[in-house]
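For the sequence shown, the working numbering begins at 54 and goes up steadily by one. Note that CB positions come from ideal geometry on N, CA and C, so glycine has one too.
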Amino acid sequence: MLDDLDRRLIEMLARDGRRSFASLADELGVSQSTVRARLSKLREDDVLQIVALCNALLLGHQVVRLLLRVRNLTPRSVANGLLGISQINHVALVAGSHDLYLEATCRDQPQLIDLLDEIRRHPGIASIQPIIVTSLAKDYTWEGLRGTAGQSISDPDG
């Protein structure tokens with residue numbers, strides 16, 4: 054269970070993931086060892102992941118979103134089967150006219166064609182609707198969980 058200190062750490066790192074333990078500890082009024090232990094536990098529990106993200110479009114890569122319909126298998130089983138494809142960055146089960154939503158990044162169009170062929174060969178795929186991304190107005194919120202519920206992560210009561 055997350056407490057207020059955990060929530061505040063996550064919020065601070067969402068604003069600037071490069072902050073030092075000393076800087077975080079100073080602002081929170083706790084020791085560096087407390088910050089180190091809390092962050093270690095959050096990472097260990099898969100609550101927090103600290104990574105560097107690149108802008109794939111600026112690197113010249115193809116960014117694609119895929120809407121998939123599934124037949125003869127459950128969407129969850131198809132999703133689990135797609136997890137090992139390296140170009141796929143995001144797999145979600147969705148409600149609506151499609152069963153799965155995928156985000157993928159390919160270095161070029163031939164790799165995108167190979168990816169689509171690989172997905173089509175996967176059991177249970179009824180149809181694929183690719184959406185080629187030409188520019189990104191916003192990709193990540195950088196505000197931790199704040200945007201997900203319309204409230205600050207530090208103030209769970211809103």
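As the crow flies, the alpha-carbon of Thr127 is around 26 angstroms from that of Ile185. Classified as buried, Val144 has 16 or more neighbouring CB atoms from the shown chains inside 10 Å of its CB. Beta-bridge analysis with DSSP links Thr158 to Val116. Here DSSP, grouped into helix, strand and coil, assigns Ala132 to helix. Residue burial is scored here from C-beta neighbours: Ile141 has at least 16 other C-beta atoms within 10 angstroms and is therefore classed as buried. The Cβ-Cβ distance between Ile172 and Ile166 does not fall below 8 angstroms.
Ala157 counts as buried, since no fewer than 16 other beta carbons sit within 10 angstroms of its beta carbon.
Ranked by Cα distance from Leu121, the first of Arg61, Val88, His151, Ala67 is His151.
The closest CA to that of Ala75, considering only Asp69, Ala67, Ser86, is found on Ser86. As computed with DSSP, Val144 is found in a beta bridge with Leu155.
C-alpha of Leu153 to C-alpha of Pro176: approximately 14 angstroms in a straight line. In the three-state reduction of the DSSP assignment, Arg122 falls in the strand class, which pools E and B. Runs of the alpha helix (DSSP H) lying entirely within the stretch 80-117 and spanning at least 4 residues, in chain order: 85-97.
Looking at the backbone, the Cα of Arg160 and that of Asp79 are separated by about 42 angstroms. Distance from the Cα of Asp192 is smallest, within the candidate group Gln115, Pro163, Leu106, for Leu106.
Taking the Cβ atoms as the reference, Ala179 lies roughly 45 angstroms from Arg91, outside the contact range of under 8 angstroms.
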